[in-house]
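Participant: Per the numbering used here, the very first residue in the sequence shown carries number 22; after that it's consecutive. Think of the CB as a built atom: it goes at the ideal place given N, C-alpha and C, for glycine as much as any other residue. Bear in mind the structure is a predicted one, so any value in this text is a computation, not a measurement. I have a structure I would like to understand better, so I am pasting it below and will then ask my questions one at a time.
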Amino acid sequence: MQNEKELKYVFAWLDLMVYKKKGLFQDFKKKISWYLKEQNPLLLPFLLFIIGLWYVSSIFLSRFIKNKSNKSIIAFTSLYYNGNSKAVYEFLNKFYPDKYVCYWLARNLKSFFDVKKICGRVVYVYFPFSFTTFLINTDFLITNDSYLTFLYDKDVKKIQLWHGVGPKGIPSDDYSLCNARCVTSEYTKKRHVDLWNAPPDKLYVTGFARMDILKKYLECSRVELFHQLGFKNEGRIILYAPTFDIGLWPWGEEYNEFEKFCIFCKKNDLILVLRFHPLVKINRWRVSDIIKKYRNVYWLDMSKEPDTMKILAVTDVLVTDWSSIYTDYFLTGRPIVYLEVDKKYYTEVRGEPEIPADFRAGEIAHSNDEFYESMKIVLNKGNRYRKQQENLLKIIHGSVDGNSSERVTKIIDKLL
Numbered sequence: 022m023q024n025e026k027e028l029k030y031v032f033a034w035l036d037l038m039v040y041k042k043k044g045l046f047q048d049f050k051k052k053i054s055w056y057l058k059e060q061n062p063l064l065l066p067f068l069l070f071i072i073g074l075w076y077v078s079s080i081f082l083s084r085f086i087k088n089k090s091n092k093s094i095i096a097f098t099s100l101y102y103n104g105n106s107k108a109v110y111e112f113l114n115k116f117y118p119d120k121y122v123c124y125w126l127a128r129n130l131k132s133f134f135d136v137k138k139i140c141g142r143v144v145y146v147y148f149p150f151s152f153t154t155f156l157i158n159t160d161f162l163i164t165n166d167s168y169l170t171f172l173y174d175k176d177v178k179k180i181q182l183w184h185g186v187g188p189k190g191i192p193s194d195d196y197s198l199c200n201a202r203c204v205t206s207e208y209t210k211k212r213h214v215d216l217w218n219a220p221p222d223k224l225y226v227t228g229f230a231r232m233d234i235l236k237k238y239l240e241c242s243r244v245e246l247f248h249q250l251g252f253k254n255e256g257r258i259i260l261y262a263p264t265f266d267i268g269l270w271p272w273g274e275e276y277n278e279f280e281k282f283c284i285f286c287k288k289n290d291l292i293l294v295l296r297f298h299p300l301v302k303i304n305r306w307r308v309s310d311i312i313k314k315y316r317n318v319y320w321l322d323m324s325k326e327p328d329t330m331k332i333l334a335v336t337d338v339l340v341t342d343w344s345s346i347y348t349d350y351f352l353t354g355r356p357i358v359y360l361e362v363d364k365k366y367y368t369e370v371r372g373e374p375e376i377p378a379d380f381r382a383g384e385i386a387h388s389n390d391e392f393y394e395s396m397k398i399v400l401n402k403g404n405r406y407r408k409q410q411e412n413l414l415k416i417i418h419g420s421v422d423g424n425s426s427e428r429v430t431k432i433i434d435k436l437l
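In structure tokens form, the structure reads like this:
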């Protein structure tokens with residue numbers, strides 16, 4: 022009987038080890054994939070060596086290096102220094118410096134130097150030895166996406182904030198990888214439970230912390246935000262922010278049609294801002310050659326301006342397709358033009374989304390002609406769908422009251 026009991030514990034331990042190795046491999050594979058999209062592949066062997074050395078060293082060092090402070094150590098990460106992770110990171114640093122030690126895990130040098138500029142604690146993921154004490158004694162990892170499991174020997178508590186709530190199908194979360202999954206509203210919580218069998222006790226309705234930031238920006242001086250974003254001319258701002266599936270433009274020869282859009286904006290004294298998804302498949306040289314001809318066109322990808330909320334705050338008209346950016350933009354009460362592209366693709370190929378595809382409010386274009394008609398409508402008549410947007414905002418994001426970061430803080434306290 023005693024032997025059976027011991028075997029039961031052994032098998033349970035083996036199952037746990039297999040699960041951990043699987044999660045570690047999957048997470049590491051994703052991280053390498055992202056690295057190759059953003060960084061020089063020639064450095065990859067060296068960085069793999071550094072990370073491998075860290076993983077082995079941390080197992081040994083964790084026995085000797087202990088946290089001598091009474092503060093909890095919290096790591097934050099995102100693809101860039103932005104989003105929900107940034108909002109909570111800055112909130113804790115500002116309001117709870119005596120309670121938490123916070124540091125940022127930078128996954129590219131752009132993020133590393135962005136955090137350095139504000140004198141924040143930051144670790145470059147591909148050279149973790151600079152903050153050994155913090156990494157080894159980390160209590161929490163708060164993330165928009167990846168869990169970076171290869172950095173930690175011990176099990177840190179993980180809070181998933183996620184990076185968008187939209188109509189694109191998403192793979193079901195592996196809720197066992199985190200201790201808490203933050204969602205935007207009671208509606209989206211129910212979607213997680215009904216569609217993906219999420220454990221309700223791991224779901225916390227906090228709202229998106231980045232919406233706190235957008236709310237503040239909307240109360241700021243537009244002139245000051247213009248200056249911060251580097252706009253040199255005046256005019257209404259059109260933000261073109263499609264998701265990555267359609268390429269540069271959905272109809273016709275994409276580069277020619279995109280240039281026609283640039284010409285349209287120039288003729289109508291509009292500032293055109295481009296904000297592409299990090300995974301977009303375009304010829305960047307060709308796009309650069311086009312926009313060089315137009316002084317009213319600005320290309321502000323995350324690598325140049327990480328803060329999407331700042332851009333949304335000054336945008337007068339959003340042009341998008343199925344990107345989740347439009348659900349955040351509802352807060353502004355301003356017009357949206359949707360490019361209707363293969364509506365069934367996002368559920369048939371990618372699975373169920375957090376919100377249905379019908380949760381849109383704005384002008385919907387199905388062709389180039391319809392698009393320019395929609396643009397004329399929003400430029401001359403404004404937002405005809407404001408009331409519908411307000412209703413959808415409440416369903417999707419709940420009450421945007423500026424306190425989402427505080428609600429995340431309460432989860433940290435609960436899990437301590």
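(1) Just mark P188 as buried or exposed, buried being the case when its beta carbon has 16 or more other beta carbons within 10 Å.
(2) When you compare each of F229, I86 and I71 to G423 by their alpha carbons, which one comes out closest?
(3) Give the DSSP-derived three-state secondary structure of L291 in the structure shown.
(4) For the region 249–264 and the region 223–240, state whether three or more C-beta atom pairs, one from each stretch, are separated by less than 8 Å.
(5) Enumerate, from N- to C-terminal direction, the unbroken beta strand (DSSP E) stretches of 3 or more residues contained entirely within the region 217–245.
(6) Whose C-alpha, out of E274, D310, Y208 and V146, is nearest the C-alpha of F171?
(7) Please say whether F155 and I80 have beta carbons closer to each other than 8 Å?
(8) In terms of residues, what are the limits of the alpha helix (DSSP H) holding L113?
(9) Out of curiosity, what's the CA-to-CA distance linking G403 and E411?
(10) Give a yes or no on whether the C-beta atoms belonging to S426 and F112 are separated by under 8 Å.
(11) As a quick exercise: from F265, N277 and C286, pick the residue whose alpha carbon is nearest that of V362.
(12) Rounding to the nearest angstrom, what Cα-Cα distance links N114 and I157 in this structure?
(13) Where does C123 fall in DSSP's three states?
(14) Does the beta-carbon distance from L436 to K178 come in below 8 Å?
(15) Here's a check: name, in chain order, each residue in its chain whose Cβ is nearer than 6 Å to the Cβ of P374, leaving out the five neighbours to either side.
(16) For R428, does the three-state DSSP call read helix, strand or coil?
(17) Three-state secondary structure (DSSP) at R202?
(18) Excluding the 5 residues flanking K415 on each side, which residues of the same chain have their C-beta closer than 6 Å to its C-beta?
(19) Going by the DSSP bridge assignment, what does T264 pair with across the sheet?
(20) Per DSSP, what kind of secondary structure is P374 in: helix, strand or coil?
(21) Using CA atoms only, rank isn't needed, just tell me which of N289, N401 and K325 is closest to F297.
(22) Go through its chain and collect everything with a Cβ distance to L35's Cβ below 8 Å, but skip five positions before and after it.
(23) Helix, strand or coil: how does DSSP classify R257 here?
(24) Suppose the cutoff is 6 Å on Cβ atoms and the five residues either side in sequence are ignored; what does the same chain contact list for D328 look like?
(25) Classify S99 as buried or exposed, calling it buried when 16 or more other Cβ atoms lie within 10 Å of its own Cβ.
(26) Return yes when the Cβ of L321 is within less than 8 Å of the Cβ of L293, no when it is not.
(27) For I346, collect the residues of the same chain with a Cβ closer than 6 Å to its Cβ; drop the 5 residues on either side in sequence, then sort them by chain order.
(28) Can you look up T341 in the DSSP assignment and give me helix, strand or coil?
(29) Who are the near neighbours of A108 in its chain, counting only those whose CB is closer than 7 Å to its CB and skipping five residues on each side?
(30) Note down, in chain order, each residue of its chain lying with its Cβ closer than 6 Å to the Cβ of F380, except the 5 sequence neighbours on either side.
(31) Excluding the 5 residues preceding and the 5 following Y393 in the sequence, name in chain order all residues of the same chain whose CB lies nearer than 6 Å to its CB.
(32) How is K302 classed by DSSP in three states: helix, strand or coil?
(33) At the level of alpha carbons, what is the spacing between Y124 and A96?
(34) Quick one: using the 10 Å Cβ neighbour count with 16 as the cut-off for buried, is S206 buried or exposed?
(35) Excluding the five sequence neighbours on either side, which residues of its own chain have a C-beta within less than 8 Å of the C-beta of C286, listed in chain order?
(36) Going along the chain, which residues of its own chain have a beta-carbon closer than 8 Å to the beta-carbon of K302, five neighbours each way excluded?
Facilitator: Once the coordinates are examined:
(1) Result: buried.
(2) For G423, the closest C-alpha among the options F229, I86 and I71 is that of F229.
(3) In the structure shown, L291 sits in a strand (DSSP, three-state: E or B).
(4) Segments in contact, no.
(5) The qualifying runs are 224–226.
(6) Taking only the C-alpha atoms, the option nearest F171 is V146.
(7) No. Outside cutoff.
(8) Its alpha helix (DSSP H) spans residues G104 to F116.
(9) One C-alpha to the other measures close to 15 Å.
(10) Taking 8 Å as the cut-off, the Cβ atoms of S426 and F112 count as close.
(11) By alpha-carbon distance to V362, the top candidate from F265, N277 and C286 is F265.
(12) Annotation: N114 to I157 spans about 20 Å, alpha carbon to alpha carbon.
(13) In this structure, C123 counts as strand in the three-state DSSP scheme.
(14) Taking the C-beta atoms as reference points, K178 is found nearer than 8 Å to L436.
(15) Excluding sequence neighbours, P374 sits near P188, K189 and G190.
(16) In the three-state reduction of the DSSP assignment, R428 falls in the helix class.
(17) In the structure shown, R202 sits in a strand (DSSP, three-state: E or B).
(18) Listed in chain order, the non-local C-beta contacts of K415 below 6 Å within the same chain number zero, local neighbours out to five positions each way being set aside.
(19) According to DSSP, T264 bridges with nothing at all.
(20) In the structure shown, P374 sits in a strand (DSSP, three-state: E or B).
(21) It is K325 whose Cα lies nearest to the Cα of F297.
(22) Residue confidence is low: L35 scores 40 on pLDDT, short of 50, so the model does not pin down where it sits. No coordinate-derived value is stated.
(23) DSSP places R257 in strand when its eight states are reduced to three.
(24) Around D328: N103.
(25) It counts as buried.
(26) Here L293 is not near L321, since their CB atoms are 8 Å or more apart.
(27) These residues qualify, in order along the chain: A262.
(28) Under the three-state reduction of DSSP output, T341 falls in the strand class.
(29) The beta carbon of A108 is closer than 7 Å to those of A230, R231, D233, I234 and S426 in its chain, skipping five residues each way along the sequence.
(30) Counting only Cβ-Cβ distances below 6 Å, and skipping sequence neighbours, we find L413.
(31) Annotation for Y393: no residue places its beta carbon closer than 6 Å to its own, counting only its chain and skipping 5 residues before and after.
(32) Residue state, collapsed to three classes: coil.
(33) One C-alpha to the other measures close to 5 Å.
(34) S206 comes out buried.
(35) Excluding sequence neighbours, C286 sits near I259, I292, L293, Y315, N317 and V318.
(36) So the qualifying residues of the chain are F265 and G268.
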